[in-house]
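**Student:** Going down the list, the sequences are from chains A and B. The numbers in the working numbering rise by one with no breaks, and the one at position 109 of the first sequence is 109. Whatever position you read off the second sequence (first residue = 1), add 161 for the working numbering. No residue lacks a Cβ here, since even glycine has one placed at the ideal position from N, Cα and C. Supplied in structure tokens, the structure appears directly below.
There are 2 protein chains.
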Amino acid sequence: MPEREFSIGELAKRTGSKVQTIRYYEQIGLMPEPLRTQGNQRRYGPKHLARLAFIRHSRELGFPLDAIRELLSLADVPERSCTAADAIARRQLEAAERRIRQLKALKMELKRMIAECQGGKICECRVIEVLADSSHGHCLSDHRAAEKDRRPVPRHAHLTA
Amino acid sequence: MPEREFSIGELAKRTGSKVQTIRYYEQIGLMPEPLRTQGNQRRYGPKHLARLAFIRHSRELGFPLDAIRELLSLADVPERSCTAADAIARRQLEAAERRIRQLKALKMELKRMIAECQGGKICECRVIEVLADSSHGHCLSDHRAAEKDRRPVPRHAHLTA
DNA sequence: CTAGAACCTACAGTGACTGTAGCTTCAAGA
DNA sequence: TCTTGAAGCTACAGTCACTGTAGGTTCTAG
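See the structure below:
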């Protein structure tokens, strides 16, 4: 079975990550150091694949690396710490719900703006007004809630296309 | 009316931003250079307040600074750019909708995870298994879609508390 | 055997801030 | 008027989670 060991490029392809990212995870101790070939190239097995898949999936779901590290530590010692995992999941759920509420508010404003622009003429870009007015009545986003957990916004959310 | 000019600290307080952040926005050209006192301290007026409020609110909604810059440029020249505004708004709307879809998928996974943990006992914690399995049938998040727009995940989403 | 793809290390750059050091200025009270 | 301490100033380093580049080495298919 020559399929049991594969290169970093293979691993990257199979998990949808980048080669650089894998090396980075190794560097920060999120991925274990793999075996090397004579020529010093990394060789991975199914365990590495599973672990990286776990990490990537968690990242896609918005977990920061610290939380993933925590989760992985639970995986490494699977007995007795369900409550910890549960707490993490609950925190993530709350954050996701908050974010969804904010984005829905944004969506509505954008729709309204597009509708108003549709009319043609000179656009009264109400989005700008709306966004400028921090105390507007029709915005559903919960500024206060966001403020409470002291992480006012995903630092780098890249909503633009 | 002595209320018409205020310090950077005041501005920060009124918009819920940090002093450093305001200076940073000035540095990257997102905020205009304000007047200074004899002693070289910044003095702001209501226009600055409005602009910063706009920026902060947009950031809270997840817009990256580039998008905000674009939006602001429209606000600065409100006439004649209706189509441009419309295009931007549409792009943002799409992005927001995509993001909402992803977050809803996340939400459901987390809920299921929590529900499964609910069983309690020692450890039927499927949380990790669920996330580790990249080819699981019950995951609704659209990996492929996420991959398509080449921004696999908010780089630094900090959904954790 | 050779071309070129994929690998290696090491380090710089990104976005959007945040923190620190070491000064100067301002506002209020004695 | 003087003084004290908060708030301001500049300049630069650090953060997270990568991403990119330079310059060299190794692997593999023809």
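(1) Could you check what DSSP says for F215/B in three-state terms: helix, strand or coil?
(2) Taking the DSSP output, what are the residues bridged to L35/A?
(3) What does the alpha-carbon distance come out to for the pair K268/B and R175/B?
(4) Should A257/B and L11/A be called a contact, given that it needs their Cβ atoms to be closer than 8 Å?
(5) Look up F168/A in the DSSP assignment and give the residues it is bridged to.
(6) Anything in the segment 260–272 of chain B with a Cβ closer than 7 Å to a Cβ of chain A? List those residues in chain order, please.
(7) When the distance is taken between beta carbons, is A250/B closer than 8 Å to M113/A?
(8) Evaluate I189/B with the Cβ neighbour count: other Cβ atoms within 10 Å of its Cβ, from every protein chain shown; 16 or more gives buried, anything less gives exposed.
(9) Kindly indicate if chain B contains any beta-carbon less than 8 Å away from that of A96/A.
(10) What does I169/B touch in chain A if you count any residue whose Cβ is under 9 Å from its own?
(11) Taking the alpha-carbon of S58/A as reference, which of F167/B, S178/B, L264/B, S168/B has the nearest alpha-carbon?
(12) Can you tell me whether DSSP reads I189/B as helix, strand or coil?
(13) If we count the other Cβ atoms within 10 Å of its Cβ and call it buried at 16 or more, is E231/B buried or exposed?
(14) Run through chain A and tell me which residues come within less than 8 Å of L254/B, C-beta to C-beta.
(15) For G45/A, tell me which candidate among G39/A, Q92/A, L35/A has the shortest Cα-Cα distance.
(16) Does the Cβ-Cβ distance between A228/B and Q253/B come in under 8 Å?
(17) On a Cα-Cα basis, can you pick out the residue from Q199/B, A276/B, H209/B that is closest to A87/A?
(18) Does K268/B come out as helix, strand or coil in the three-state DSSP assignment?
(19) So, with DSSP's three-state summary, where would you put K174/B?
(20) Going by C-alpha distance, which of R262/B, S168/B, R259/B is nearest Q202/B?
(21) Straight-line CA distance for A50/A to F63/A?
(22) Alpha carbon to alpha carbon, what distance is there between I261/B and E255/B?
(23) Whose Cβ in chain A lies nearer than 9 Å to the Cβ of R184/B?
(24) For Y186/B, which residues of its own chain have a beta-carbon under 8 Å away from its beta-carbon, when the five flanking residues on both sides are left out?
(25) Is there a C-beta anywhere in chain A that falls below 8 Å from the one on A173/B?
(26) So the candidates are K47/A, R43/A, Q38/A; which of them puts its Cα closest to the Cα of V19/A?
**Tutor:** The short version:
(1) Here residue 215/B refers to the residue found at position 54 of the second sequence. Three-state result, F215/B: helix.
(2) Sequence index remark: in the first sequence, residue 35/A carries index 35 (1-based). Answer is R43/A.
(3) Here residue 268/B is taken as the residue at index 107 of the second sequence, counted from 1. Here residue 175/B is taken as the residue at index 14 of the second sequence, counted from 1. Roughly 33 Å between the two C-alpha positions.
(4) Mapped onto the second sequence, residue 257/B falls at position 96. Mapped onto the first sequence, residue 11/A falls at position 11. For the 8 Å CB-CB criterion, A257/B and L11/A do not form a contact.
(5) Residue 168/A is absent from the model: chain A starts at 1 and stops at 161.
(6) R260, I261, L264, K265, L267, K268, E270, L271, K272
(7) By 1-based counting over the first sequence, the position of residue 113/A is 113. By 1-based counting over the second sequence, the position of residue 250/B is 89. Yes, they are a contact pair.
(8) One-based indexing of the second sequence puts residue 189/B at position 28. Per the 10 Å Cβ criterion, exposed.
(9) Within the first sequence, the letter at position 96 stands for residue 96/A. For A96/A, the answer is yes, since a Cβ of chain B falls inside 8 Å of its Cβ.
(10) Along the second sequence, one-based indexing puts residue 169/B at 8. Simply none; closest approach about 18 Å.
(11) Taking the first sequence and counting its residues from 1, one reaches residue 58/A at position 58. Of F167/B, S178/B, L264/B, S168/B, the smallest CA-CA separation from S58/A is found for L264/B.
(12) Translated into the one-based positions of the second sequence, residue 189/B becomes position 28. Of the three classes helix, strand and coil, the one that applies to I189/B here is coil, per DSSP.
(13) Looking up residue 231/B in the second sequence gives position 70. So E231/B ends up on the buried side.
(14) Taking the second sequence and counting its residues from 1, the one referred to as residue 254/B is at position 93. Near L254/B (Cβ distances below 8 Å), the residues of chain A are K107, L110, K111, I114.
(15) Looking up residue 45/A in the first sequence gives position 45. Per the Cα distances, L35/A.
(16) As a working note, residue 228/B is residue 67 in the second sequence. As a working note, residue 253/B is residue 92 in the second sequence. In contact: A228/B and Q253/B (Cβ atoms closer than 8 Å).
(17) Within the first sequence, the letter at position 87 stands for residue 87/A. When only C-alpha atoms are compared, the closest one is A276/B.
(18) Stepping through the second sequence from its first residue, residue 268/B is reached at position 107. DSSP places K268/B in helix when its eight states are reduced to three.
(19) Residue 174/B sits at position 13 when you count from the first residue of the second sequence. K174/B: helix per DSSP, three-state reduction.
(20) On the second sequence, position 41 is the one that residue 202/B refers to. Per the Cα distances, S168/B.
(21) Looking up residue 50/A in the first sequence gives position 50. Looking up residue 63/A in the first sequence gives position 63. In this structure, the straight-line span from the alpha carbon of A50/A to that of F63/A is close to 17 Å.
(22) Locating residue 255/B in the second sequence gives position 94, where the first residue counts as 1. Locating residue 261/B in the second sequence gives position 100, where the first residue counts as 1. Whole-angstrom Cα-Cα distance: 10 Å.
(23) Residue numbering aside, residue 184/B sits at position 23 when the second sequence is read from its first letter. Within chain A, no residue comes near R184/B; the closest Cβ sits about 17 Å away, beyond 9 Å.
(24) Looking up residue 186/B in the second sequence gives position 25. These residues qualify, in order along the chain: M192, L213, I216.
(25) In the second sequence, counting from the first residue as 1, residue 173/B sits at position 12. No, its Cβ sits nowhere closer than 8 Å to a Cβ of chain A.
(26) Reading the first sequence from its first residue, position 19 is the one you call residue 19/A. Residue R43/A is the option with its Cα nearest to V19/A.
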